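11 is the number of the first residue of the sequence shown in our numbering; add one for each residue after it.
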Amino acid sequence: MDPDLKKPIIELKNVVKKYDDKTILKNINLKIRKNDFVTLLGPSGSGKTTILRLIGGFEWATRGEILFNGLDIKDLPPHMRDVSTIFQDYALFPHLNVENNIKYGLKLKRIFLPKESIKPSVFEKQKQLQKKWQKDAVAAMKKLDKIQLEYEKDLKKKKLPKKKLQKIQKWLDDSDFKYASWEVWPLLMNEKFEKKYLTRRITNEEMDKIVSEVIKLVGLEGHEKKSIDKLSGGQKQRVALARSIVIEPSLLLLDEPLSALDAKIREQMQHFLLDIQKKIGITFIFVTHDREEALRLSDVIVVMREGKIEQYGSPKEIYDYPINKWVANFIGDSNIFEGQIINESKMIFLNKKLKYWSKYKFEPNKIVDVLIRPEDIQIKRSDGIIRGKVISIVYKGSYYMIEVKYKDHIILIESSNEFEVGETIYLDWNITSMHLMEQEQFKENNE
Ligand SMILES: Nc1ncnc2c1ncn2[C@@H]1O[C@H](COP(=O)(O)OP(=O)(O)OP(=O)(O)O)[C@@H](O)[C@H]1O
Ligand SMILES: [Mg+2]
């Protein structure tokens with residue numbers, strides 16, 4: 011594997027976001043690897059869009075760092091972030107047709123002139139200037155260090171006039187931004203230089219060629235001249251996607267792009283997104299609150315809850331090994347009941363003494379939550395771990411969802427066989443289908 015692929019393209023370090031007094035993101039740490047399809051999954055208000063807005067550069071973090079390929083991008087304007095965003099409402103231009111919507115981003119794009127056509131002295135000049143910009147930035151940051159030290163000394167003095175104190179406080183609060191802006195300054199200057207001496211605008215013929223390729227890629231041939239309001243939801247979605255990928259970003263942010271589509275189109279678009287992502291090989295950060303969509307599409311799922319990352323892992327890890335009851339319930343239909351540990355291999359569960367296995371160690375007498383997924387329980391006519399009564403049965407298209415009453419518990423089971431309500435049946439499962447979880451402690455709502 012290319013070692014570059016293992017490096018994070020985006021890293022959030024201790025990111026906090028506040029609006030007024032409300033803390034929306036509480037110390038987020040997150041690494042996103044190149045070319046992964048990463049999904050932020052969580053209930054409404056958990057902070058998913060806020061994370062996208064910070065990465066896209068539409069919003070600033072209150073604290074913490076956002077690194078893009080290892081570089082703090084706090085001060086990098088959105089257009090220089092090599093990121094493209096698809097918003098939930100697509101944000102297409104209604105007065106432009108399909109083709110012109112896609113062209114829009116390309117108009118600003120410039121392409122590099124062939125190296126041979128540029129005088130060597132231009133590259134020499136660029137090298138010299140790069141050194142100078144770097145030197146200037148380092149000098150400026152040193153100066154900031156010096157002021158910071160002095161101000162910190164001042165703060166230690168007892169009697170400072172209130173005005174001065176406020177001034178110092180404000181300076182210190184903003185100092186992160188001052189540093190970040192000097193860090194990216196050499197890059198900005200370099201971009202200016204490249205734009206002026208090393209690139210040119212795209213010609214109309216080139217633009218037509220690129221646009222027609224992208225239109226083919228997203229399957230919109232024949233619709234080039236259509237106006238946006240004549241398109242279906244799925245087609246609009248394709249235009250939005252085409253418009254974002256035509257500028258070849260290394261990262262694409264997608265905020266619930268499929269939520270407005272009906273079930274069938276939505277499924278088609280899911281396949282289509284996956285296909286395109288693999289084909290063009292760019293990193294996707296996708297937001298949804300639909301768990302099935304997340305399980306189907308993602309290489310990595312980030313489960314968000316109240317401004318925190320509750321769990322991070324592959325769909326299989328999250329589904330099979332949720333870290334607590336909340337994640338287990340959020341990610342799928344589950345049976346979760348309390349159990350009590352006896353020793354490292356036995357526990358009391360559903361009033362029975364049963365064997366268990368867990369990769370975690372639990373102390374004797376500890377109360378834990380035990381998860382068993384409905385598809386992991388078998389219904390038998392005789393011989394099972396427990397005996398219960400069918401209380402309801404609903405056909406779900408490819409299986410029956412059956413509710414079984416056992417003592418005070420209602421247990422959900424997916425079965426391919428039909429049973430009668432009132433029938434007595436036996437339930438059986440494999441020891442590895444029991445997943446033991448720590449019970450949640452009292453959660454503090456602050457950071
Ligand atoms: N500009 C703002 N000013 C104040 N509060 C805001 C602002 N933007 C978002 N919030 C609050 O931040 C919290 C997180 O919002 P965010 O939009 O990130 O949630 P979300 O996970 O995307 O939810 P949804 O699934 O509903 O889109 C919410 O409580 C929201 O009210
Ligand atoms: Mg949102």
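From the three backbone atoms N, C-alpha and C, an ideal C-beta is built for every residue, glycine too. Note that the coordinates shown come from a computational prediction; the quantities given were computed from them, not determined experimentally.
Measuring CB to CB, does Ile112 end up less than 7 Å from Ala250?
no
CA-to-CA distance, His445 to Val312, given in whole angstroms:
20 Å
Might you give, ordered along the chain, the residues of its own chain that have their beta carbon closer than 6 Å to the beta carbon of Leu81, omitting 5 neighbours on each side?
None.
Answer yes if the region 137 to 146 comes into contact with the region 177 to 197, meaning at least three C-beta pairs across the two stretches below 8 Å, and no otherwise.
yes
Could you give the DSSP three-state label for Asn456: helix, strand or coil?
Here the model assigns Asn456 a pLDDT of 42, short of 50, so the residue's position is not dependable and the matter cannot be decided.
Nearest to Arg397 (by Cα), restricted to the options Ser408, Gly432, Thr298 and Val148
Gly432
Test item: CB-CB of Gly67 and Pro53 under 7 Å
no
Find out if the Cβ-Cβ distance for the pair Val310, Glu266 is shorter than 7 Å.
no
Cβ shell of Asn24 (< 8 Å), same chain only, five flanking positions each side left out
Asn37, Ile38, Asn39, Arg73, Gly74 and Glu75
State buried or exposed for Val228, treating a residue as buried only when at least 16 other CB atoms are found within 10 Å of its CB.
Classification of Val228: buried, given that the 10 Å Cβ count is 16 or more.
Can you give me the C-alpha to C-alpha distance between Ile403 and Leu437, rounded to a whole angstrom?
15 Å
Report the partner residues of Trp70 according to the DSSP bridge assignment.
Trp70 is not bridged to any residue.
Between Glu348 and Pro384, what straight-line distance do the alpha-carbon atoms span, to the nearest angstrom?
16 Å
Contact belief for Glu430 with Tyr410 at Cβ below 8 Å, rounded distance in angstroms:
Not quite, the Cβ-Cβ distance comes to about 11 Å (not below 8 Å), so this is no contact.
Over what stretch of residues does the alpha helix (DSSP H) that includes Leu139 continue unbroken?
Pro130 to Lys166
What does the Cβ neighbour count give for Asp85, buried or exposed, with the cut at 16 atoms within 10 Å?
buried
Would the beta-carbon of Asn361 fall within 7 Å of that of Pro374?
no
Thr298 Cβ short of 6 Å to ligand 2 heavy atom set:
no
If we ignore side chains and look at the alpha-carbon of each, how far apart do Arg301 and Leu182 end up?
43 Å
Of all the options Val380, Lys236 and Asn440, which has the alpha carbon lying nearest to the alpha carbon of Glu448?
Val380
Would you call the CB atoms of Lys236 and Val108 closer than 7 Å?
yes
To the nearest angstrom, how far is it from the Cα of Leu118 to the Cα of Lys58?
29 Å
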